[in-house]
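Enquirer: Our numbering puts the first residue of the sequence shown at 240, with every later residue one more than the last. In this text, a Cβ means the ideal position worked out from N, Cα and C, and glycines have one as well. Note that this is a predicted model, so its numbers are computed, not measured.
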Amino acid sequence: MTRLSSCIAPAFYPVHTAVKSDQYTHYWLKGGRGSTKSSFVALEIVLGIMEYPDTNAVALRKVGLYLKDSVYEQLVWAIEKLGVSHLWDQRISPMALIYLPTGQRILFRGADKPKKIKSTKVSKGYIRYIWYEECDEFLGKEELDTINQSLMRGGSRFDIFYSYNPPKSQTNWINREVETQKLRPDTLVHHSDYRSVPEPWLGDPFLQEAEELQRTNKARYRHEYLGEVTGTGGEVFQNVTLREITAEERASFDHIRRGLDWGYGPDPFVYLALHYDRKRRRLFIYHEFYKHRAGFDEIAREIKKENLDRREVTAESAEPRSNDELKSRGIRISPAKKGSGSVEHGISWLQDLNEIVIDPVTCPNAAREFSGYELERTADGTAFKSGYPDKDNHTIDAARYACERDMKKGGVSVWK
């Protein structure tokens with residue numbers, strides 16, 4: 240069999256080691272053109288099935304029509320590259336790759352036929368390997384979870400690969416999701432690009448195209464070839480960092496602020512706790528309560544659970560009756576001073592901070608809204624509308640209210 244080092248790019252050596260040692264279950268592999276991430280996954284699946292006789296695999300695309308010309312051909316390439324074609328039966332209808340010594344199978348499914356996925360069964364062993372190619376084309380993490388629950392049965396070890404080129408916009412679900420996934424102990428998030436791939440594998444025409452785009456359009460080059468999330472140009476907050484806020488950090492917080500935004504109908508109620516480091520101009524958002532149709536008693540309980548010292552909470556002032564309901568339940572409420580231009584000034588103040596650190600595990604909605612908040616484009620798509628969109632901004636509003644006094648101290652007049 241062919242030496243593995245002649246098939247796998249150096250950037251994937253540590254990923255291969257992790258797969259071999261059963262270090263993780265989930266592998267999110269993102270990168271630009273020519274990064275060889277799909278080639279790597281195909282090789283790992285073929286090698287794994289040949290090594291473990293009780294395992295099988297399922298390769299998926301969002302649309303089944305694209306299976307033949309993508310994952311099927313990629314896996315056939317891997318079989319041929321490893322020099323083991325004589326050990327595999329390559330079937331087109333129904334599409335399958337069968338390891339002849341044992342009868343193990345690599346099956347192919349499109350997520351546009353969910354019933355076919357749910358009914359997927361193998362006669363020997365279990366499905367250990369699951370591969371989502373062009374993963375960003377799937378509807379979201381919930382769809383992946385549903386498929387995983389259908390396929391992850393009967394075994395003790397699983398390897399699930401999610402390969403994709405990161406979409407340009409940070410608001411895309413997969414760009415937001417991967418920030419949360421990388422905090423899981425059973426998950427590896429890996430980024431690669433063509434620069435770590437031996438040049439003969441790519442060929443001169445590929446390299447020339449990459450160099451030309453780098454010269455003429457650096458933003459496109461960074462997105463297409465380096466796999467970077469370059470944004471659409473309409474991102475409101477470019478100072479957001481999503482990471483764990485440790486217990487040690489929280490213990491040191493001494494300028495804690497609390498704010499709430501009332502939600503009615505389709506909008507959620509939001510309560511945030513955050514720390515403002517005035518000296519370094521950094522905001523740490525570490526606690527959220529975010530719920531649709533939350534009642535006053537439940538809201539009061541949740542606030543008291545976090546706010547043990549009964550400190551002041553700055554609340555949206557447009558709901559004085561709701562604020563009074565919380566006051567009657569022992570919550571110290573101070574209404575925010577809304578005025579003409581207050582939204583714009585509050586957002587400008589948040590934009591001007593050196594960093595807004597959000598814990599995506601404890602504050603998933605704040606992480607989603609801050610990182611995904613973008614200006615809206617005009618109907619023809621050539622420009623951005625003036626003003627900030629009044630949607631998907633509930634945690635942003637709560638943060639503005641919480642930091643009301645800090646905005647004044649910072650020399651910014653929030654009220655006009």
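(1) Pop quiz: Leu592 and Leu522 are said to be a contact at Cβ under 8 Å. What is the actual Cβ separation, rounded to whole angstroms?
(2) Count the CB pairs spanning the region 338–357 and the region 294–307 that are closer than 8 Å, and state whether there are at least three.
(3) Indicate whether Glu372 and Ser431 have their beta-carbon atoms separated by less than 8 Å.
(4) Using the C-alpha atoms, what's the distance from Pro507 back to Asp328?
(5) Lys543 to Arg568, Cα distance in whole Å?
(6) Thinking Gly498 and Tyr640 are a contact (beta carbons under 8 Å), I'd like their distance in whole angstroms, please.
(7) Specify the secondary structure class of Pro574 as computed by DSSP and reduced to three states.
(8) Please classify Lys269 as buried or exposed, where buried requires at least 16 neighbouring CB atoms within 10 angstroms.
(9) Going straight from the alpha carbon of Arg519 to that of Val285, what length do you get?
(10) Going by Cα to Cα distance, which pick from Phe397, Ser358 and Thr410 is closest to Gly184?
(11) Please state the DSSP three-state secondary structure of Val653.
(12) Any idea what DSSP makes of Tyr460, helix, strand or coil?
(13) Mark Thr553 as exposed unless 16 or more other C-beta atoms lie within 10 angstroms of its C-beta, in which case mark it buried.
(14) Who are the near neighbours of Val479 in its chain, counting only those whose CB is closer than 7 Å to its CB and skipping five residues on each side?
(15) Assuming Asn295 and Arg344 make a contact with CB atoms under 8 Å, what is their CB distance in whole Å?
(16) Considering only C-alpha positions, which residue in the set His325, Ala539, Ile288 and Arg459 is nearest to Gly271?
(17) Phe623 to Ser408, Cα distance in whole Å?
(18) Pick out whichever of Glu448, Ile635 and Phe397 has its Cα sitting closest to the Cα of Tyr612.
(19) Report the three-state DSSP secondary structure of Ser581 (helix, strand or coil).
(20) Check Tyr305 in the structure and name its three-state DSSP category.
(21) With a threshold of 8 Å on Cβ separation, who are the neighbours of His265 within its own chain once the five nearest residues in sequence on each side are excluded?
(22) In angstroms, rounded to a whole number, what distance separates the CA positions of Asp293 and Leu336?
(23) With a 10 Å radius around its C-beta and 16 neighbouring C-beta atoms as the bar for buried, classify Ala486 as buried or exposed.
(24) CB Tyr311 to CB Leu326, shorter than 8 Å?
(25) For the ligand MG, is there any heavy atom lying closer than 7 Å to the beta carbon of Gln262?
(26) Quick one: is Pro599 buried, meaning 16 or more other Cβ sit within 10 Å of its Cβ, or exposed?
(27) Express the C-alpha separation of Lys360 and Lys259 in angstroms, rounding to a whole number.
(28) Could you tell me the boundaries of the beta strand (DSSP E) in which Arg639 lies?
(29) For Val509, which residues from the same chain have a beta carbon less than 6 Å from its beta carbon, with the 5 sequence-adjacent residues on both sides left out?
(30) Taking Val436 and Thr275 to be in contact with their CB atoms under 8 Å, please state how far apart those CB atoms are, rounded to whole angstroms.
(31) Suppose you measure from the CA of Leu711 to the CA of Ser395; what does that come to, to the nearest Å?
(32) Beta strand (DSSP E) containing Phe347: first to last residue?
(33) Where do the ends of the alpha helix (DSSP H) carrying Gly270 lie?
(34) So for Phe535, helix, strand or coil by DSSP?
(35) Between which two residues does the alpha helix (DSSP H) holding Gln262 run?
Expert: Let's see:
(1) As a position in the sequence shown, residue 592 is number 353, starting the count at 1. As a position in the sequence shown, residue 522 is number 283, starting the count at 1. Contact check for Leu592 and Leu522: beta-carbon distance about 6 Å, within the 8 Å limit, so the pair qualifies.
(2) Remark: three or more beta-carbon pairs, one from each stretch, lie closer than 8 Å, so the region 338–357 and the region 294–307 are flagged as touching.
(3) Taking the first residue of the sequence shown as 1, we reach residue 372 at position 133. Taking the first residue of the sequence shown as 1, we reach residue 431 at position 192. No, these two residues do not count as a Cβ contact at 8 Å.
(4) Locating residue 328 in the sequence shown gives position 89, where the first residue counts as 1. Locating residue 507 in the sequence shown gives position 268, where the first residue counts as 1. Their Cα atoms are separated by approximately 54 Å.
(5) Residue 543 sits at position 304 when you count from the first residue of the sequence shown. Residue 568 sits at position 329 when you count from the first residue of the sequence shown. Cα-Cα distance, rounded: 10 Å.
(6) Indexing the sequence shown from 1 puts residue 498 at position 259. Indexing the sequence shown from 1 puts residue 640 at position 401. Right, their Cβ atoms sit about 4 Å apart.
(7) Residue 574 sits at position 335 when you count from the first residue of the sequence shown. Three-state DSSP puts Pro574 in a strand.
(8) Mapped onto the sequence shown, residue 269 falls at position 30. Counting C-beta atoms within 10 angstroms of its own C-beta, Lys269 has 16 or more neighbours from the protein chains shown and is therefore classed as buried.
(9) What you label residue 519 is simply residue 280 of the sequence shown in a count that begins at 1. What you label residue 285 is simply residue 46 of the sequence shown in a count that begins at 1. Between Arg519 and Val285, the C-alpha separation is close to 51 Å.
(10) Coverage of the chain is limited to positions 240 through 655, which leaves residue 184 absent and any answer about it impossible.
(11) For the purposes of this step, residue 653 is identified with residue 414 of the sequence shown, where counting begins at 1. Unreliable positioning characterises Val653 in this predicted model, as indicated by a pLDDT of 35, which lies under 50. The coordinate reading is nonetheless provided below. Coil at Val653, not helix or strand.
(12) Residue numbering aside, residue 460 sits at position 221 when the sequence shown is read from its first letter. The three-state secondary structure of Tyr460, taken from DSSP, is helix.
(13) For this step, residue 553 is matched to residue 314 along the sequence shown. By the 10 Å Cβ count, Thr553 comes out buried.
(14) For the purposes of this step, residue 479 is taken as the residue at position 240 of the sequence shown. Excluding sequence neighbours, Val479 sits near Ile595, Ile597, Phe609 and Ser610.
(15) As a working mapping, residue 295 is identified with position 56 in the sequence shown. As a working mapping, residue 344 is identified with position 105 in the sequence shown. Under the criterion of beta carbons closer than 8 Å, Asn295 and Arg344 qualify as touching, at roughly 5 Å.
(16) As a first step, residue 271 must be located in the sequence shown, where it is residue number 32. Closest option to Gly271, Cα to Cα, is Arg459.
(17) In the sequence shown, the residue the question calls residue 623 occupies position 384. In the sequence shown, the residue the question calls residue 408 occupies position 169. Rounded to the nearest angstrom, the two C-alpha atoms are 15 Å apart.
(18) Translated into positions along the sequence shown, residue 612 becomes position 373. For Tyr612, the closest alpha carbon among the candidates Glu448, Ile635 and Phe397 is that of Ile635.
(19) Counting from 1 along the sequence shown, the entry for residue 581 is found at position 342. Three-state result, Ser581: helix.
(20) Against the sequence shown, residue 305 aligns to sequence position 66. Here DSSP, grouped into helix, strand and coil, assigns Tyr305 to helix.
(21) Locating residue 265 in the sequence shown gives position 26, counting from the first residue. Once the five neighbours on either side are set aside, the close Cβ partners of His265 are Ile399, Tyr401, Gln420, Arg423, Asp425, Thr426 and Leu427.
(22) For the purposes of this step, residue 293 is taken as residue 54 along the sequence shown, with counting starting at 1. For the purposes of this step, residue 336 is taken as residue 97 along the sequence shown, with counting starting at 1. Between Asp293 and Leu336, the C-alpha separation is close to 15 Å.
(23) Indexing the sequence shown from 1 puts residue 486 at position 247. Exposed is the label assigned to Ala486, since fewer than 16 other Cβ atoms lie within 10 Å of its Cβ.
(24) On the sequence shown, residue 311 is found 72 positions in, with the first residue counted as 1. On the sequence shown, residue 326 is found 87 positions in, with the first residue counted as 1. Not in contact: Tyr311 and Leu326 (Cβ atoms no closer than 8 Å).
(25) Although the ligand MG was asked about, the structure shown includes no ligands whatsoever.
(26) The residue you call residue 599 lines up with position 360 of the sequence shown. Buried, since its Cβ has 16 or more Cβ neighbours within 10 Å.
(27) Residue 259 sits at position 20 when you count from the first residue of the sequence shown. Residue 360 sits at position 121 when you count from the first residue of the sequence shown. Taking the CA atoms as reference points, Lys259 sits about 25 Å from Lys360.
(28) Position 400 of the sequence shown, counting from 1, holds the residue named residue 639. No beta strand (DSSP E) contains Arg639, which is instead part of the alpha helix (DSSP H) from His633 to Ala641.
(29) Translated into positions along the sequence shown, residue 509 becomes position 270. Cβ neighbours of Val509 beyond the five flanking positions: Asp500, Tyr529, His633, Thr634 and Ala637.
(30) Within the sequence shown, residue 436 is the residue found at index 197, counting from 1. Within the sequence shown, residue 275 is the residue found at index 36, counting from 1. The Cβ separation is near 5 Å, so the contact holds.
(31) Nothing in the structure corresponds to residue 711, since the chain is present only between 240 and 655.
(32) One-based indexing of the sequence shown puts residue 347 at position 108. Per DSSP, Phe347 is one residue of the beta strand (DSSP E) stretching across Gln343 to Gly349.
(33) Against the sequence shown, residue 270 aligns to sequence position 31. Gly270 -> not in any alpha helix (DSSP H); beta strand (DSSP E) instead, spanning His265 to Gly270.
(34) What you label residue 535 is simply residue 296 of the sequence shown in a count that begins at 1. Helix at Phe535.
(35) In the sequence shown, counting from the first residue as 1, residue 262 sits at position 23. Counting along the chain, Gln262 sits inside no alpha helix (DSSP H), nor does DSSP assign it H or E at all.
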